[in-house]
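Novice: Submitted below is the structure of interest, expressed as C-alpha cells.
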Amino acid sequence: MVEKIRVRATLNGEPVDFLVAPYVSLLDTLRDELGLTGTKEGCNDGNCGACTVNLDGRIVDSCCVLGAEIDGSAVETIEGMAEPGKLHPLQQAFLEEAALQCGICTPGFLISAKALLDKEPHPSEDRIRFWLAGNLCRCTGYDKIVKAVQKAAESA
Amino acid sequence: MHPFEYVRAKSVDEAIAVLAKHGERARPLAGGTDALVMARAGRWELDALVDIKHIPETNVLELGSSEFRLGSAVACYRVYEDEQVAAKFPGLVDSASIIGGIQIQSRAGLGGNLCNASPSGDGIGSLIVHTATCVIAGPNGTREVPAEDFCTGPGRSVLKDGEFLVEMKMPMPQKGFGAAYERFTPRNEMDIAVAGVASSVQLDGDTIVSARVALAAVGPTPILSSAGDFLAGKEATAENISAAAQAASGDASPISDMRGTAEQRIHLVGVLTRRTLERAVERARESN
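Taken in sequence, the protein lines are chains A and B. Read left to right, the first sequence gives residues 1 to 156 (the numbering used here). Read left to right, the second sequence gives residues 1 to 288 (the numbering used here).
Now the structure itself:
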C-alpha cells in the first residue's frame, strides 16, 4: 500500500490542497479527486489531446502527468475558461461555427486554441493546424474547428 | 497498473539512491510522455518513479564557449524557444519541433527521447550528428557514453540499474558547421517516422572536413552511417552527396511493417540523406 501524497496547487486561479495516490494521473486527479469532469479521457496515452489542460502556462496532456507532479504549479481547465454568464470568445465561436459534434474532444481543443491565441493573437491557418495537431477530432473533420479559431481571433 | 511511489528528487545523489534501491523496479521520470504510458500499459512494473526534473543538473541549457550543455529533463520547447540555442542548433530544432504535438513538447525532451531508445526516435539522430556525449550518473559515479553507443536495441540502452541520464554535451558549432534532420511520415505531424535521417557537415570553403549521417527507423537502433566518413575530405558537390546517399541506403537494415516496407525505407534513406546533407551544407554556408 503506497501512501497518498499531499499536493498544494492553484486550480483555475483558486488554491487547492488535496491528497492523491502517487500513481494517479492528473487527468484522473481532476475528474475523480477534484470533481472537475470537463477534462475528458480519450486515448489515455498522449496521442489525442482530449485531456489537454494548461499547466504553468503551457498545454499538456493531463494523462501523461501525475497528479502528484503539480505540487506548486498552476493548472487551468475548461471549467476556468468562461466568465460567469459569459462564454469565452473561443467557446462562442465553436458554438456559432458548429465546431463540435459529440463534444469529447472539445474541451481539449478549446484549451489548446486559447493557449495559441494568448501567445499569438492572429495566427495563420497553417499555424492553427500545426498547433492543434495534438488534438484529434473524429467527428467534424477539423475545418469547422479551424474556422472557429480564426473567427475567435478576428473578434478579439 | 501496479501502484508505485512518486519521489521528487532534488539532487543527482538522491535520485541515484532511490533508483539503486529498487533496481529494475524504479525508473526516472522526466516528461512522463513515455514513462507513464509504459507503466499504465503494464510494460513496466514499477515500485517507484523518480522525478528527475527538479534537479538543477538535468535542467541546464547552456551555451558555453566550446560546449553546449543540454540537461536530460529539458523539454523540447525550451530548445526551439530559446533564440540563441535555436540559432546555433537548427538541426536540434528540426527534431524538437516534431516530437509529438505541442502538448508533448511541453513535457518531453531530447534526453527522454534518447532514453526511450526507440529506433524511430526523432531526436537521437540529431544528437549523434552533433557528436553528443551522454553524461550518466549512477551508484559507481559518473560515466560518459557517445550518443551513437547509447541505444543497444529497441527500447534498450546502456543505462544500468540505478543509473540515469543527467545531461548531454556537444561541441559548440564552429563556422562552417551545419546540421539538419528530416523524417518521412504519411501525416505532417504527430506521427512516427517511416524513416528519418540526420546529417551534419563541417565545411572549409567547399571542402567537407568531416560529416556525420545518422539513420532512424531502419534498424534495431539508430545507426551512425558510413556516409559521413565517405564524405570526409571531399568537395560538397551534388555527385558526392548522391554517392553518400547511396552509402547510407546500404547501411540501412530495415524491417517491413505496417508503416512501410523494407524496400521503401531503403529508398527513403537515400532521399532523406541527400536532402538533409544539402540542408546541412546550406546551413554551414550561412553559419558564422
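Each residue gets a CB set at the ideal place from its N, CA and C atoms; glycine is no exception.
Using DSSP bridges, identify the partner residues of B:Gly233.
Specialist: In the second sequence, the residue the question calls residue 233 of chain B occupies position 233. For B:Gly233, which the question treats as bridged, DSSP gives no partner whatsoever.
Novice: Would you mind sorting A:Glu76 into buried or exposed? The rule is 16 or more other CB atoms within 10 Å of its CB.
Specialist: In the first sequence, residue 76 of chain A corresponds to position 76, counting from 1. Flag for A:Glu76 reads buried.
Novice: Quick one: list the residues of chain B neighbouring A:Phe130, beta-carbon separation under 7 angstroms, in chain order.
Specialist: Within the first sequence, numbered from 1, the residue matching residue 130 of chain A stands at position 130. By Cβ distance, chain B contributes Glu189.
Novice: Is there a C-beta anywhere in chain B that falls below 9 angstroms from the one on A:Cys139?
Specialist: In the first sequence, the residue the question calls residue 139 of chain A occupies position 139. No, its Cβ sits nowhere closer than 9 angstroms to a Cβ of chain B.
Novice: Less than 8 angstroms between the CB atoms is what I'm expecting for B:Val18 and B:Val50, so what's the real figure, rounded?
Specialist: Locating residue 18 of chain B in the second sequence gives position 18, where the first residue counts as 1. Locating residue 50 of chain B in the second sequence gives position 50, where the first residue counts as 1. Contact check for B:Val18 and B:Val50: beta-carbon distance about 5 angstroms, within the 8 angstroms limit, so the pair qualifies.
Novice: Classify B:Met170: buried if its beta carbon has 16 or more other beta carbons within 10 angstroms, exposed otherwise.
Specialist: Here residue 170 of chain B refers to the residue found at position 170 when the second sequence is read from its first residue. Buried, since its Cβ has 16 or more Cβ neighbours within 10 Å.
Novice: Going by DSSP, name the residue or residues bridged to B:Ala179.
Specialist: Numbered from 1 along the second sequence, position 179 holds the residue referred to as residue 179 of chain B. Per DSSP, B:Ser200.
Novice: Check whether the segment 124 to 135 of chain B touches the segment 145 to 165 of chain B, taking contact to mean three or more Cβ pairs, one atom from each stretch, closer than 8 angstroms.
Specialist: yes
Novice: Mapping DSSP to helix, strand and coil, what is A:Ala99?
Specialist: Reading the first sequence from its first residue, position 99 is the one you call residue 99 of chain A. The answer is coil: DSSP assigns A:Ala99 none of H, G, I, E or B.
Novice: Looking at the C-beta of A:Arg58, does it have a partner C-beta in chain B at a distance below 9 angstroms?
Specialist: Along the first sequence, read from residue 1 onward, the residue named residue 58 of chain A stands at position 58. Taking 9 angstroms as the threshold, the shortest C-beta distance from A:Arg58 to chain B falls below it.
Novice: Which stretch, first to last residue, makes up the beta strand (DSSP E) that contains B:Pro90?
Specialist: Working through the second sequence from its first residue, we reach residue 90 of chain B at position 90. From DSSP, B:Pro90 is part of no beta strand (DSSP E) but of the alpha helix (DSSP H) over 90 to 96.
Novice: Compute the Euclidean distance between the alpha carbons of A:Phe18 and B:Ala179, then round it to the nearest angstrom.
Specialist: In the first sequence, the residue the question calls residue 18 of chain A occupies position 18. In the second sequence, the residue the question calls residue 179 of chain B occupies position 179. Between A:Phe18 and B:Ala179, the C-alpha separation is close to 48 angstroms.
Novice: Can you tell which of B:Ile55, B:Glu14, B:Val271, B:Leu110 has the C-alpha that lies nearest to the C-alpha of B:Gln246?
Specialist: Your numbering for residue 246 of chain B matches position 246 in the second sequence. If we check each option's Cα against that of B:Gln246, B:Val271 comes out closest.
Novice: Using a threshold of 9 angstroms, state whether the C-beta atoms of B:Gly153 and B:Thr221 are closer than that.
Specialist: Stepping through the second sequence from its first residue, residue 153 of chain B is reached at position 153. Stepping through the second sequence from its first residue, residue 221 of chain B is reached at position 221. Yes, they are a contact pair.
Novice: How far does the alpha helix (DSSP H) with A:Asn135 in it reach, from first residue to last?
Specialist: Against the first sequence, residue 135 of chain A aligns to sequence position 135. Note, A:Asn135: premise wrong, no alpha helix (DSSP H); not H, not E.
Novice: Start and end of the beta strand (DSSP E) containing B:Tyr6?
Specialist: Here residue 6 of chain B corresponds to residue number 6 of the second sequence, with the count starting at 1. Looking at the DSSP string, the run of the beta strand (DSSP E) that includes B:Tyr6 is 5 to 8.
Novice: Under 9 angstroms, Cβ to Cβ, is there at least one residue of chain B near A:Gly38?
Specialist: Locating residue 38 of chain A in the first sequence gives position 38, where the first residue counts as 1. It does not; no Cβ of chain B falls within 9 angstroms.
Novice: Does the beta carbon of A:Ser124 sit closer than 9 angstroms to a beta carbon anywhere in chain B?
Specialist: The residue labelled residue 124 of chain A in the question sits at position 124 within the first sequence. Chain B, which has no Cβ nearer than 9 angstroms to the Cβ of A:Ser124, makes this no.
Novice: Is DSSP giving A:Met1 helix, strand or coil here?
Specialist: Your numbering for residue 1 of chain A matches position 1 in the first sequence. In the three-state reduction of the DSSP assignment, A:Met1 falls in the coil class.
Novice: For B:Gln103, return the contacting residues in chain A, with the cut-off set at a CB-CB distance below 7 angstroms.
Specialist: Looking up residue 103 of chain B in the second sequence gives position 103. Counting only Cβ-Cβ distances below 7 angstroms, B:Gln103 has contacts in chain A at Gly49, Thr52, Ile59, Val60, Asp61, Gly134, in chain order.
Novice: Compute the Euclidean distance between the alpha carbons of A:Lys151 and B:Asp191, then round it to the nearest angstrom.
Specialist: Position 151 of the first sequence, counting from 1, holds the residue named residue 151 of chain A. Position 191 of the second sequence, counting from 1, holds the residue named residue 191 of chain B. Near 28 angstroms, if we compare the C-alpha coordinates of B:Asp191 and A:Lys151.
Novice: Run down chain B in chain order and give the residues with a C-beta less than 7 angstroms from the C-beta of A:Glu69.
Specialist: Residue mapping note: residue 69 of chain A aligns to position 69 of the first sequence, counting from 1. Per Cβ cutoff of 7 angstroms: Asp51.
Novice: Which whole-angstrom value is the C-beta distance of A:Gly134 and B:Gly101, which I expect to be below 8 angstroms?
Specialist: In the first sequence, residue 134 of chain A corresponds to position 134, counting from 1. In the second sequence, residue 101 of chain B corresponds to position 101, counting from 1. Rounded, the Cβ-Cβ distance is 2 angstroms, consistent with contact.
Novice: Using C-beta distances below 6 angstroms, list every residue in its chain close to B:Arg212, excluding the 5 sequence neighbours before and after it, in chain order.
Specialist: Here residue 212 of chain B is taken as the residue at index 212 of the second sequence, counted from 1. Excluding sequence neighbours, B:Arg212 sits near Val129, Ser200, Gly228.
Novice: Any contact between the segment 30 to 45 of chain B and the segment 80 to 88 of chain B? By contact I mean 3 or more CB pairs, one from each, below 8 angstroms.
Specialist: no
Novice: Quick one, are the C-beta atoms of A:Leu27 and A:Val16 less than 9 angstroms apart?
Specialist: For the purposes of this step, residue 27 of chain A is identified with residue 27 of the first sequence, where counting begins at 1. For the purposes of this step, residue 16 of chain A is identified with residue 16 of the first sequence, where counting begins at 1. Contact flag unset, no.
Novice: Go through its chain and collect everything with a Cβ distance to B:Lys53's Cβ below 6 angstroms, but skip five positions before and after it.
Specialist: Along the second sequence, read from residue 1 onward, the residue named residue 53 of chain B stands at position 53. Within the same chain, B:Lys53 has close Cβ partners Ala30, Ala73.
Novice: Does the Cβ of A:Ala98 have 16 or more other Cβ atoms within 10 Å, making it buried, or fewer, making it exposed?
Specialist: For the purposes of this step, residue 98 of chain A is identified with residue 98 of the first sequence, where counting begins at 1. Looking at its Cβ environment, which holds fewer than 16 other Cβ atoms inside 10 Å, A:Ala98 is exposed.
Novice: Go through the segment 102 to 180 of chain B residue by residue and report every complete run of the beta strand (DSSP E) that reaches 3 residues or more, in order.
Specialist: 133 to 138, 141 to 146, 151 to 153, 164 to 171
Novice: Below 8 angstroms on the Cβ atoms is my guess for A:Lys114 versus A:Met81; work out the distance and round it to an integer in Å.
Specialist: As a first step, residue 114 of chain A must be located in the first sequence, where it is residue number 114. As a first step, residue 81 of chain A must be located in the first sequence, where it is residue number 81. Confirmed, about 7 angstroms.
Novice: Check whether the Cβ of B:Ala179 sits closer than 8 angstroms to any heavy atom of the ligand SAM, and report yes or no.
Specialist: This structure lacks the ligand SAM, and indeed carries no ligand of any kind.
Novice: If you follow the beta strand (DSSP E) that A:Asn54 is in, where does it begin and where does it stop?
Specialist: Your numbering for residue 54 of chain A matches position 54 in the first sequence. Run containing A:Asn54: 52 to 55, per the beta strand (DSSP E) assignment.
Novice: Given a cut-off of 9 angstroms on the beta-carbon distance, is the pair B:Ser97 and B:Cys115 in contact?
Specialist: Counting from 1 along the second sequence, the entry for residue 97 of chain B is found at position 97. Counting from 1 along the second sequence, the entry for residue 115 of chain B is found at position 115. The answer is no: Cβ separation not under 9 angstroms.
Novice: Step through the CB atoms of chain B and report whether any lies within less than 9 angstroms of the CB of A:Cys105.
Specialist: Residue 105 of chain A sits at position 105 when you count from the first residue of the first sequence. No, A:Cys105 lies away from the interface with chain B (no Cβ there is under 9 angstroms from its Cβ).
Novice: Within its chain, find whatever has a CB closer than 7 angstroms to the CB of B:Thr33; leave out the 5 residues flanking it on each side and keep chain order.
Specialist: In the second sequence, residue 33 of chain B corresponds to position 33, counting from 1. Counting only Cβ-Cβ distances below 7 angstroms, and skipping sequence neighbours, we find Gly100, Ile104, Arg107, Ala108.
Novice: Taking A:Val24 as the reference, give the member of A:Asn12, A:Leu11, A:Asn44 with the closest Cα.
Specialist: Taking the first sequence and counting its residues from 1, one reaches residue 24 of chain A at position 24. The shortest Cα separation from A:Val24 among A:Asn12, A:Leu11, A:Asn44 belongs to A:Asn44.
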